[in-house]
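Enquirer:
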Amino acid sequence: TAGITQAPTSQILAAGRSMTLRCTQDMRHNAMYWYRQDLGLGLRLIHYSNTAGTTGKGEVPDGYSVSRANTDDFPLTLASAVPSQTSVYFCASSPISSTDTQYFGPGTRLTVL
Amino acid sequence: GDSVTQMEGPVTLSEEAFLTINCTYTATGYPSLFWYVQYPGEGLQLLLKATKADDKGSNKGFEATYRKETTSFHLEKGSVQVSDSAVYFCALSDRDGGFKTIFGAGTRLFVKA
Chain D
10 TAGITQAPTS
20 QILAAGRSMT
30 LRCTQDMRHN
40 AMYWYRQDLG
50 LGLRLIHYSN
60 TAGTTGKGEV
70 PDGYSVSRAN
80 TDDFPLTLAS
90 AVPSQTSVYF
100 CASSPISSTD
110 TQYFGPGTRL
120 TVL
Chain A
1111 GDSVTQMEGP
1121 VTLSEEAFLT
1131 INCTYTATGY
1141 PSLFWYVQYP
1151 GEGLQLLLKA
1161 TKADDKGSNK
1171 GFEATYRKET
1181 TSFHLEKGSV
1191 QVSDSAVYFC
1201 ALSDRDGGFK
1211 TIFGAGTRLF
1221 VKA
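First to last, the protein sequences are chains D and A.
With the numbering used here applied, the first sequence corresponds to residues 10 to 122, in that order.
With the numbering used here applied, the second sequence corresponds to residues 1111 to 1223, in that order.
(1) Verify whether the separation of the beta carbon atoms of G1216(A) and G51(D) is less than 7 Å.
(2) For a contact defined as C-beta to C-beta under 7 Å, what are the partners of Q111(D) on chain A?
(3) Using three-state DSSP, classify S1(D) as helix, strand or coil.
(4) Looking only at its chain, what residues have a beta carbon closer than 7 Å to the beta carbon of Q1158(A), apart from the 5 residues adjacent to it on each side?
(5) Taking 8 Å as the threshold, find out whether the stretch 68-77 of chain D comes into contact with the stretch 99-119 of chain D through three or more Cβ pairs.
(6) Name, going along the chain, the residues of the stretch 1148-1161 of chain A whose beta-carbon falls closer than 9 Å to a beta-carbon of chain D.
(7) Grab the span of the beta strand (DSSP E) containing L122(D) for me, first residue to last.
(8) Below 7 Å between beta carbons: does that hold for T1136(A) and Q111(D)?
(9) Quick check: A61(D) and I105(D), are their CB atoms within less than 7 Å of each other?
(10) Counting only beta-carbon separations shorter than 7 Å, does S1203(A) have a partner in chain D?
(11) Could you tell me the boundaries of the beta strand (DSSP E) in which V1114(A) lies?
(12) Since Y1176(A) and A1163(A) should fall inside the 8 Å C-beta cutoff, what is the C-beta to C-beta distance between them, to a whole number of angstroms?
(13) When you compare the CB of G1216(A) with every CB in chain D, is at least one pair closer than 7 Å?
(14) Name, in chain order, the residues that DSSP records as bridge partners for G6(D).
(15) Based on the DSSP secondary-structure assignment, which residues constitute the bridge partners of T1132(A)?
(16) Taking the continuous beta strand (DSSP E) assigned at Q20(D), which residues delimit it?
(17) By Cβ distance below 7 Å, which residues in the same chain neighbour R26(D) in space, the five residues on each side in sequence not counted?
(18) Buried or exposed: which applies to T11(D), given that a residue is buried once 16 or more other Cβ atoms fall within 10 Å of its Cβ?
(19) On the three-state DSSP scale, how would you describe S1193(A)?
(20) Under 7 Å between C-beta atoms, does S1168(A) make it to chain D?
(21) Looking at E68(D): is its Cβ nearer than 7 Å to the Cβ of L85(D)?
(22) Out of curiosity, what's the CA-to-CA distance linking L1129(A) and T1180(A)?
(23) Let me see if you follow: with CB-CB separation under 7 Å, is S1142(A) close to chain D or not?
(24) Hey, quick one: how far does the beta strand (DSSP E) through T29(D) stretch, first residue to last?
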């Protein structure tokens, strides 16, 4: 079982360009999440989706958008990248059960110049 | 709002030493508490969890007890190994917070042979 896959693994992007980070899960989990990880700040939630067709804003949503057309895919789009969006991005999913455990992808390292 | 505070790192220990990483939390409801571990170049993975007061989570020799009276969930291991070198994140998930997970900043552990 693959779990969660993310693409690309890493990317260097010019400021002002757009980019979509891809995330796919094969566990049929209802909920999916996007986090950014910055040194000293831990993980901060960008957007989340509790079920296909719904999305919500997390702690740091500005400059990012998401969609959830089906259960498996949860892409994150940067419409016009800025250097402060340089970070490592993690996608995660959870079954929405009493356990609340999240399962993480391997991450995408994004550098905006 | 909900928050998690964990001890700053890095923590450097010799192999077979005793490990404690402190974690305290603030929550409005009755959260579930987690420790996640991130090995170099990988995403986070669940290490252990506890869902109610006085529960003890354990896995791979690590333990943590949910202490409601001190709002703490300290991570301990009796004898660390070089392979335990990683970043450890304390986290909470609160039903009143819509099951969104709040992460601490992370504590990096180095174990020397």
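Cβ coordinates follow ideal geometry from the N, Cα and C atoms, glycine included.
Expert: Looking at the atomic coordinates:
(1) yes
(2) T1211
(3) Beyond the ends of chain D as shown, which are 10 and 122, falls residue 1(D); an answer cannot be given.
(4) The displayed chain sequence assigns Leu, not Gln, to residue 1158(A). Within the same chain, L1158(A) has close Cβ partners W1145, G1167, S1168, N1169, F1172, A1174.
(5) no
(6) So the list reads Q1148, G1151, E1152, G1153, L1154, Q1155, L1156, K1159, T1161, given in the order they occur along the chain.
(7) Unbroken run through L122(D): none, as it is neither H nor E.
(8) No; because the gap between Cβ atoms is not below 7 Å, this pair is not in contact.
(9) Contact flag unset, no.
(10) yes
(11) 1113-1116
(12) Separation of the CB atoms of Y1176(A) and A1163(A) is rounded to 6 Å, and the pair is thereby assigned contact status at 8 Å.
(13) With respect to chain D, the C-beta atom of G1216(A) has a partner C-beta closer than 7 Å.
(14) One cannot answer for residue 6(D) here, as it falls past the ends of chain D, which runs 10 to 122.
(15) One detail in the question is off: residue 1132(A) reads as Asn in this sequence, not Thr. None, per the DSSP bridge assignment.
(16) According to the DSSP assignment, Q20(D) belongs to the beta strand (DSSP E) that extends over 19-22.
(17) A90
(18) Residue identity differs from the one stated: residue 11(D) is Ala in this sequence, not Thr. Exposed, since its Cβ has fewer than 16 Cβ neighbours within 10 Å.
(19) helix
(20) Contact with chain D is absent for S1168(A), since none of that chain's Cβ atoms lies less than 7 Å from the residue's Cβ.
(21) no
(22) 20 Å
(23) Answer yes: the Cβ-Cβ gap between S1142(A) and chain D drops below 7 Å somewhere.
(24) 28-34
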